Ligand code: HEC
Ligand code: HEC
Ligand code: HEC
Ligand code: HEC
Ligand code: HEC
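Residue numbers (this note's numbering): 336 to 534.
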């Protein structure tokens with residue numbers, strides 16, 4: 336009797352640890368995650384109502400791995416001239432004057448460190464299905480309607496692969512594109528081998 340109870344106890348313990356580890360892995364990586372920010376910055380007001388292009392503030396997305404969060408000097412391009420004052424606007428104006436970093440924004444989208452993701456690769460893609468790049472909204476949802484930013488998509492490996500599979504055979508560069516024109520043989524699919532996303 337004793338060994339059986341110990342065995343069951345062990346199995347339960349292992350399961351608990353396993354789900355705990357799983358949860359750790361997923362921390363800050365859940366669909367629907369929409370933390371309050373230190374300044375209630377509204378994408379609806381800026382990107383929606385005022386139609387400020389995403390890349391005006393997130394210019395890094397075109398040139399680098401990271402889209403980046405704008406510094407207070409970017410905010411000042413407009414708020415240095417705009418009349419409207421609120422406590423929150425005062426807050427980042429002060430930060431800009433003192434040359435301090437804006438505020439400590441809470442990061443919403445988080446991939447684990449062992450995953451390689453590159454914004455410019457997607458944003459500049461000229462894959463036939465995405466003639467003007469993979470739109471921000473394919474991965475981030477209708478940000479221009481959000482008063483508070485939210486993680487809309489899963490950001491899981493299966494999610495990345497689903498899109499890559501649907502667009503399988505997308506040539507990854509000009510050379511491959513040229514090669515494809517000269518050969519009938521299907522090219523290996525883009526972004527399906529482990530090494531494209533895991534170092
Ligand atoms: C006026 C500047 C500005 C514009 C325009 C803008 N953003 Fe942002 N964005 C910010 C700031 C500031 C934050 C950080 C605060 C926050 O999370 O709300 C942010 C955060 C984000 C985040 C979350 C980052 C994270 O922590 O994971 C995403 C995604 C995002 N923006 C996408 C977009 C998209 C897509 C557009 C265009 C539809 C856009 N943004 C337009 C300033 C801007
Ligand atoms: C193919 C999917 C995809 C597209 C397209 C995409 N993003 Fe992202 N974005 C992500 C992922 C995944 C992360 C999390 C990256 C990480 O944690 O390393 C992210 C993170 C961000 C962040 C947080 C800061 C950062 O650099 O990690 C911002 C801001 C952002 N994206 C804005 C944008 C904007 C603006 C566009 C369009 C110009 C865009 N994204 C297009 C998938 C995408
Ligand atoms: C391209 C111009 C532009 C940029 C850049 C810009 N804003 Fe704004 N922002 C506006 C406009 C327009 C309004 C609306 C002003 C009004 O209602 O009179 C506004 C309003 C606001 C408000 C007040 C919302 C309210 O009514 O309570 C906050 C807070 C704010 N912006 C934060 C930021 C932050 C933080 C940044 C930098 C990340 C930023 N803005 C960058 C144009 C801009
Ligand atoms: C909405 C569709 C879509 C989603 C979602 C998506 N991708 Fe991609 N990805 C593409 C396209 C299209 C390309 C090809 C870009 C080009 O034209 O070179 C690509 C290319 C890549 C490449 C280069 C592949 C190679 O073989 O060189 C990597 C790495 C990559 N994606 C990582 C990711 C990761 C990691 C995620 C998930 C966090 C992701 N992608 C989600 C559409 C997507
Ligand atoms: C298009 C990008 C992409 C490709 C290709 C890819 N992965 Fe991943 N992988 C991810 C992302 C994003 C995560 C983190 C999110 C998650 O755990 O679902 C991840 C997580 C993982 C994890 C951790 C799982 C967990 O539950 O935490 C393992 C193990 C893994 N990948 C193995 C592989 C192997 C093996 C391959 C090749 C057969 C592969 N990956 C191909 C994007 C990719």
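No residue lacks a Cβ here, since even glycine has one placed at the ideal position from N, Cα and C.
Quick caveat, the model's predicted, so the values are computed rather than measured.
The alpha helix (DSSP H) enclosing residue 398, as first and last residue numbers: The residue you call residue 398 lines up with position 63 of the chain shown. 395 to 398 is the extent of the alpha helix (DSSP H) around residue 398.
Continuous alpha helix (DSSP H) assignments of at least 4 residues falling wholly in the stretch 375 to 426: 389 to 392, 395 to 398 and 407 to 414
Three CB pairs or more closer than 8 Å across the stretch 373 to 393 and the stretch 432 to 442: yes
Rounded separation between residue 391 and residue 410 - CA only: To locate residue 391, count along the chain shown from 1; it is residue 56. To locate residue 410, count along the chain shown from 1; it is residue 75. Taking the straight line from one Cα to the other gives about 11 Å.
CB-CB length for residue 459 against residue 452, believed under 8 Å: By one-based count along the chain shown, residue 459 stands at place 124. By one-based count along the chain shown, residue 452 stands at place 117. With a Cβ gap of about 14 Å, residue 459 and residue 452 do not count as contacting.
Terminal residues of the alpha helix (DSSP H) in which residue 456 lies: Within the chain shown, numbered from 1, the residue matching residue 456 stands at position 121. Counting along the chain, the alpha helix (DSSP H) containing residue 456 begins and ends at 454 to 458.
Boundaries (first-last residue) of the alpha helix (DSSP H) holding residue 444: By 1-based counting over the chain shown, the position of residue 444 is 109. From DSSP, residue 444 is part of no alpha helix (DSSP H); its letter is neither H nor E.
Residue 478 (DSSP reduced to helix, strand or coil): Numbered from 1 along the chain shown, position 143 holds the residue referred to as residue 478. Looking at residue 478 - three-state DSSP - the assignment turns out to be helix.
Three-state secondary structure assigned by DSSP to residue 496: Residue numbering aside, residue 496 sits at position 161 when the chain shown is read from its first letter. Residue 496: helix per DSSP, three-state reduction.
Chain-order list of residues whose beta-carbon lies under 8 Å from that of residue 533 (same chain, five-residue window excluded): Taking the first residue of the chain shown as position 1, residue 533 is located at position 198. Excluding sequence neighbours, residue 533 sits near 449, 450 and 451.
Residue from 388, 378, 456 and 467 whose Cα sits closest to the Cα of residue 398: Here the question's residue 398 lines up with position 63 in the chain shown. Of 388, 378, 456 and 467, the residue nearest in Cα terms is 456.
Contact shell at 6 Å, judged by CB to any heavy atom of ligand 1, ordered along the chain: 372, 376, 378, 381, 382, 387, 389, 391, 392, 393, 404, 405, 440, 442, 443, 444, 471, 475, 478, 479 and 484
Euclidean distance between Cα positions of residue 489 and residue 430: As a first step, residue 489 must be located in the chain shown, where it is residue number 154. As a first step, residue 430 must be located in the chain shown, where it is residue number 95. Each residue's Cα considered, the two are about 34 Å apart.
Segment contact flag, the stretch 476 to 487 with the stretch 417 to 426, C-beta cutoff 8 Å, min 3 pairs: no
Range covered by the alpha helix (DSSP H) that runs through residue 462: Taking the chain shown and counting its residues from 1, one reaches residue 462 at position 127. Run containing residue 462: none; DSSP gives neither H nor E here.
Between the CA atoms of residue 444 and residue 389 - distance to the nearest angstrom: Sequence index remark: in the chain shown, residue 389 carries index 54 (1-based). Sequence index remark: in the chain shown, residue 444 carries index 109 (1-based). Cα to Cα, residue 389 sits roughly 16 Å from residue 444.
Reduced DSSP category for residue 520 - H, G, I as helix; E, B as strand; rest coil: For the purposes of this step, residue 520 is identified with residue 185 of the chain shown, where counting begins at 1. Any answer about residue 520 is weak, because its pLDDT of 47 lies below 50 and its placement is not dependable; what the coordinates show is given next. Looking at residue 520 - three-state DSSP - the assignment turns out to be coil, as it is neither helix nor strand.
Rounded C-alpha distance that separates residue 365 from residue 486: If you number the chain shown from 1, residue 365 lands on position 30. If you number the chain shown from 1, residue 486 lands on position 151. Distance between the alpha carbons of residue 365 and residue 486: 7 Å.
Contact with chain B by residue 498, beta-carbon distance below 8 Å: In summary, chain B is missing from the structure at hand, where a single protein chain is found.
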